[in-house]
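*Asks:* Take any residue in the sequence shown, note its place counting from 1, add 2, and you have its number in our numbering. Backbone N, C-alpha and C define an ideal beta-carbon position, used for all residues, glycine too. From a predicted model like this one, the values you see are computed outputs, not experimental measurements. One structure, as structure tokens, below. Some questions next.
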Amino acid sequence: MHISYLGHSSFLFKINGKIILVDPFISGNPLASDINPKDIQPDYILLTHGHGDHVLDVETILNQSNAKIISTYEVVEWFKGKGYDGYGMNTGGAYTFEFGQVKLVSAVHSSMLPDGSYGGNPVGFVIESEQHTFYIAGDTALTLDMKLIPLLCAPLDFAILPVGGYFTMDYKDAVHAAQFIECKKIIGCHYNTFDFIKINKAEVIEYFKARDLEIMLPEIGESLDL
Ligand code: NI
Ligand code: MN
């Protein structure tokens, strides 16, 4: 599976020939200035919640593609009000798309949309495709609900967890999360974009390694083949 890191919490996946974009926040991220949202042509856009640092470039990208949003009911209704289309699901629900099954799982965070509209509850995603099963935590605190994830799906091949702290769990909590979800291969996100969420990459990698876990912290624009 081909994965590109677009900065902050944004990733681009190629799964079964479909392009899946997660939480696009590119034009507002000076660290991602080498990436042009106008070059992205996804088939689906997954949104974990309504905060600006997860939805900033959604409209730009919807205007230049035939992408459908997959998110919570409230977030999708908000975009439907602007003339776009999507799948407005809710926590605990799952649906099988062309690229695999997406299950919405709980996240402990908040979800106001950019104009102040109520965004419902934030979510994480468990994606089960032919190739891989993986978890995208979204913005969340460490929560015991993560222990449910291994009961709900095939063993996770990898997971994307926030590690920056302040708005979400930090990397030390993310180690507990990795243990809760029984997954040794982690990709970190939601760090370094803002002053409050700065991390020392080498220290984080070492902290995971000392606990028999692997964390990948790709450069923005870097691709991983997992
Ligand atoms: Ni957020
Ligand atoms: Mn965020």
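(1) Indicate, with yes or no, if the ligand NI has a heavy atom lying under 7 Å from the CB of His51.
(2) Sort out for me which residues DSSP pairs Gln103 with in a bridge.
(3) Does at least one heavy atom of the ligand NI sit under 7 Å from the Cβ of Phe13?
(4) Check whether the Cβ atoms of Ile21 and Leu228 lie closer than 8 Å to each other.
(5) Looking at the secondary structure, which residues open and close the beta strand (DSSP E) in which His4 lies?
(6) Buried or exposed: which applies to Asp141, given that a residue is buried once 16 or more other Cβ atoms fall within 10 Å of its Cβ?
(7) Tell me the DSSP secondary structure of Ile222 in three-state form.
(8) Starting from Ala161, follow its DSSP beta bridges and name the residues at the other end.
(9) Using 8 Å as the threshold, is the C-beta distance between Phe136 and Leu163 below it?
(10) Tell me the DSSP secondary structure of Tyr89 in three-state form.
(11) Is DSSP giving Asp175 helix, strand or coil here?
(12) Are there 16 or more other CB atoms within 10 angstroms of the CB of Ser35, so buried, or fewer, so exposed?
(13) I'd like the list of long-range same chain contacts for Gly190, defined as Cβ closer than 6 Å, with 5 residues on each side in sequence excluded.
(14) With burial defined as no fewer than 16 other Cβ atoms inside 10 Å of the residue's Cβ, what is the status of Asn31: buried or exposed?
(15) What residue does the beta strand (DSSP E) around Phe13 start on, and which one ends it?
(16) For Val110, which of helix, strand or coil comes out of DSSP?
(17) When the Cα atoms are used, what is the spatial distance from Lys84 to Val125?
*Replies:* Reading from the atomic positions:
(1) Translated into the one-based positions of the sequence shown, residue 51 becomes position 49. Answer for His51: yes, Cβ within range of the ligand NI.
(2) As a position in the sequence shown, residue 103 is number 101, starting the count at 1. For Gln103, which the question treats as bridged, DSSP gives the partners Thr98, Glu130.
(3) Working through the sequence shown from its first residue, we reach residue 13 at position 11. For Phe13, the shortest C-beta to heavy atom distance toward the ligand NI is 7 Å or greater.
(4) Translated into the one-based positions of the sequence shown, residue 21 becomes position 19. Translated into the one-based positions of the sequence shown, residue 228 becomes position 226. No, these two residues do not count as a Cβ contact at 8 Å.
(5) Translated into the one-based positions of the sequence shown, residue 4 becomes position 2. Its beta strand (DSSP E) spans residues 4-7.
(6) For the purposes of this step, residue 141 is taken as residue 139 along the sequence shown, with counting starting at 1. Result: buried.
(7) Taking the sequence shown and counting its residues from 1, the one referred to as residue 222 is at position 220. Three-state DSSP puts Ile222 in coil, outside helix and strand.
(8) The residue you call residue 161 lines up with position 159 of the sequence shown. Listed as beta-bridge partners of Ala161 by DSSP are Tyr137, Ile188.
(9) If you number the sequence shown from 1, residue 136 lands on position 134. If you number the sequence shown from 1, residue 163 lands on position 161. No; because the gap between Cβ atoms is not below 8 Å, this pair is not in contact.
(10) As a working note, residue 89 is residue 87 in the sequence shown. In the structure shown, Tyr89 sits in a strand (DSSP, three-state: E or B).
(11) Along the sequence shown, read from residue 1 onward, the residue named residue 175 stands at position 173. Correct three-state label for Asp175: helix.
(12) One-based indexing of the sequence shown puts residue 35 at position 33. Looking at its Cβ environment, which holds fewer than 16 other Cβ atoms inside 10 Å, Ser35 is exposed.
(13) Start at 1 with the first residue of the sequence shown, and residue 190 comes out as number 188. These residues qualify, in order along the chain: Val165, Ile217, Leu219.
(14) Translated into positions along the sequence shown, residue 31 becomes position 29. It counts as buried.
(15) As a working note, residue 13 is residue 11 in the sequence shown. 13-17 is the extent of the beta strand (DSSP E) around Phe13.
(16) In the sequence shown, residue 110 corresponds to position 108, counting from 1. Three-state result, Val110: coil.
(17) If you number the sequence shown from 1, residue 84 lands on position 82. If you number the sequence shown from 1, residue 125 lands on position 123. In a straight line, the C-alpha of Lys84 is about 22 Å away from that of Val125.
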